[in-house]
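Enquirer:
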Amino acid sequence: MAHDPVPDPEEELRVAIATILGDPGTGKAVRAAAIKALDDGTVEAMTYFLETGRWIAQYEDDHVAVATVLADPSSGVAVRRAAIEALEDGSAEALASFLETGRWIAQDEDNRVAIATILGDPGTSAALRQAAVAALEGTPEDRAYFLETGRYEVE
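Set out below in structure tokens:
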């Protein structure tokens with residue numbers, strides 16, 4: 576009867592860290608902390624990274640990502656307001672929530688305002704007005720498409 580090999584905890588830790596490194600969404604701070612843990616090579620260092628260090632580094636990456644959105648000149652009023660709220664709250668949850676959903680909810684608010692501005696312009700053609708109304712009544716993706724492309728396709 577064949578026996579399954581006994582799992583090697585050190586190898587399992589290395590694989591878990593390598594998986595994190597292989598994720599294209601891994602930020603600079605998490606990447607640096609993961610490499611440091613692998614370079615140390617001890618079970619203790621790798622376990623610390625996976626249980627604690629990763630989350631400390633993720634907080635740093637999220638903080639930088641929110642600040643980058645805030646500093647982007649193309650960010651609208653609602654997006655900037657939501658980014659400031661997340662940074663002022665300062666919790667890991669607030670930063671992650673902004674990056675996962677809050678930013679996109681705020682972006683849709685900014686898109687609605689931009690479309691309303693087009694509708695409020697007396698020089699807006701009937702065809703563009705119709706397309707703008709359709710975008711407002713549609714999904715967030717419809718509004719984003721209208722502002723990025725659709726409004727330029729109207730004859």
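For the sequence shown, my numbering gives the first residue as 576, with consecutive numbering after it.
For every residue, glycine included, the Cβ atom is placed at its ideal position computed from N, Cα and C.
#1: Are Val605 and Arg629 touching if we call contact CB-CB under 8 Å?
#2: With Thr584 as the anchor, note down where its alpha helix (DSSP H) starts and where it stops.
#3: Suppose you measure from the CA of Thr601 to the CA of Phe721; what does that come to, to the nearest Å?
#4: Work out the CA separation of Leu613 and Asp583 for me, nearest whole Å.
#5: Looking at the secondary structure, which residues open and close the alpha helix (DSSP H) in which Asp636 lies?
#6: Which residues in the same chain as Ser666 place their Cβ atom closer than 7 Å to its Cβ, once the five residues preceding and following it in sequence are excluded?
#7: Pop quiz: Val644 and Ala632 are said to be a contact at Cβ under 8 Å. What is the actual Cβ separation, rounded to whole angstroms?
#8: Check whether the Cβ atoms of Ile690 and Ala710 lie closer than 8 Å to each other.
#9: Please classify Gly695: is it buried, with 16 or more other beta-carbons within 10 angstroms of its beta-carbon, or exposed?
#10: What is the rounded straight-line gap between the Cα of Arg687 and the Cα of Ile693?
#11: When the Cα of His638 is compared with those of Ala661, Gly597 and Asp717, which residue comes out closest?
#12: Can Leu588 be considered in contact with the ligand NAD, in the sense that its beta carbon sits closer than 7 Å to one or more heavy atoms?
Expert: Short version:
#1: Yes, they are a contact pair.
#2: The sequence shown places Pro at residue 584, rather than the Thr named in the question. Per DSSP, Pro584 is one residue of the alpha helix (DSSP H) stretching across Pro584 to Gly597.
#3: So the two alpha carbons sit approximately 31 Å from each other.
#4: Straight across, the Cα-Cα distance linking Asp583 with Leu613 is about 15 Å.
#5: Counting along the chain, the unbroken alpha helix (DSSP H) around Asp636 starts and ends at Arg629 to Ala646.
#6: Closer than 7 Å at the Cβ level, and outside the excluded window around Ser666, lies no residue.
#7: Going by Cβ atoms, the distance from Val644 to Ala632 rounds to 19 Å, so no, they are not a contact pair.
#8: Yes. Within cutoff.
#9: Counting of Cβ neighbours within 10 angstroms places Gly695 among the exposed residues, the total staying below 16.
#10: C-alpha separation (whole angstroms): 10 Å.
#11: Looking from the CA of His638, the closest CA among Ala661, Gly597 and Asp717 belongs to Ala661.
#12: The ligand NAD is absent from the structure shown, which contains no ligands of any kind.
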